[in-house]
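What follows is a short report on a single structure.
Numbering (this note's numbering), first residue to last: 403 to 524.
Here you go:
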């Protein structure tokens, strides 16, 4: 009986570990919706998504692809951070930054007409 009980405990522990790993991998570990890598497209609607959750002190990479030529958003500019990147048509461009304060961190085209924001949480 003792031997079976030990196997059962090991099996239960293994299943619990797998479930915990799956929850964290699915983004359920801390209830957070913040990702470290986000795909952003520039379409006729502007930056999609327009709002992106981020965390203070946690690096985030935006992978930005301009999908249309009918836009002024041929660059992405984080004015507060001194970041400017050209956005060639149909080419993914990575923009990595680490927000250093809580609040909204705006990004826009170089003409400041098309915009989005990182919503930086503590």
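Beta carbons are placed, not taken as given, at the ideal position from N, Cα and C, and that holds for glycine.
For residue 443, the enclosing beta strand (DSSP E) starts and ends at 439-445. Pairing residue 464 with residue 497, the inter-Cα distance amounts to about 5 Å.
The residues 436, 455, 456, 457, 458, 504, in chain order, have a CB closer than 8 Å to that of residue 523 in the same chain once the five nearest residues on each side in sequence are set aside.
For residue 461, no beta strand (DSSP E) run applies, since DSSP gives it neither H nor E. Non-local beta-carbon contacts of residue 476 in its own chain, meaning distances under 6 Å to residues more than five positions away in sequence, involve 489 in chain order.
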